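Visitor: Before we start, here is the structure in question, set down as C-alpha cells.
Residue numbers (our numbering): 165 to 234.
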C-alpha cells in the first residue's frame, strides 16, 4: 500500500468520524452540559470540540509537510 493511499484512508476515516460527530453534536453537547459543572457552558463545549478538530487538522498538515521535506 502506498503512503498516499494510506493517508487517504486515514483522511477518509477522519472525515467519516467528523461527519457523524457533526450530526451527533447537539446530543453530545447536551450530554456534556448535563454531566459537567455549570461553569462549562455550551460555548466552552463548542470551543473544546473546535480545538480538537483544529489540532487534528494541524497535526495532519505538519505530518504531510514533514514527509515532503525529508
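The beta carbon of each residue, even a glycine, is placed where N, CA and C say it ideally should be.
Predicted model, so just to flag it, every value in this text is computed and none were measured.
Cβ atoms of residue 193 and residue 217: under 8 Å apart, would you say?
Guide: The residue given as residue 217 occupies position 53 in the chain shown. The residue given as residue 193 occupies position 29 in the chain shown. The answer is no: Cβ separation not under 8 Å.
Visitor: What do you reckon, are the CB atoms on residue 197 and residue 206 nearer than 8 Å?
Guide: The residue labelled residue 197 in the question sits at position 33 within the chain shown. The residue labelled residue 206 in the question sits at position 42 within the chain shown. Result yes, Cβ atoms of residue 197 and residue 206 sit closer than 8 Å.
Visitor: Out of curiosity, what's the CA-to-CA distance linking residue 199 and residue 190?
Guide: Here residue 199 refers to the residue found at position 35 when the chain shown is read from its first residue. Here residue 190 refers to the residue found at position 26 when the chain shown is read from its first residue. Going by the C-alpha atoms only, they are around 14 Å apart.
Visitor: Within a Cβ cutoff of 8 Å, which residues of the same chain sit near residue 167, ignoring the five residues on either side of it in sequence?
Guide: By one-based count along the chain shown, residue 167 stands at place 3. Taken in chain order, the residues that qualify are 231.
Visitor: DSSP three-state label for residue 219, please.
Guide: Here residue 219 is taken as the residue at index 55 of the chain shown, counted from 1. Helix at residue 219.
Visitor: Among the residues of its own chain, which have a CB less than 8 Å from the CB of residue 182, if the five just before and after it don't count?
Guide: Along the chain shown, one-based indexing puts residue 182 at 18. If we look at residue 182 and ignore the five residues flanking it on each side, its Cβ neighbours are 217.
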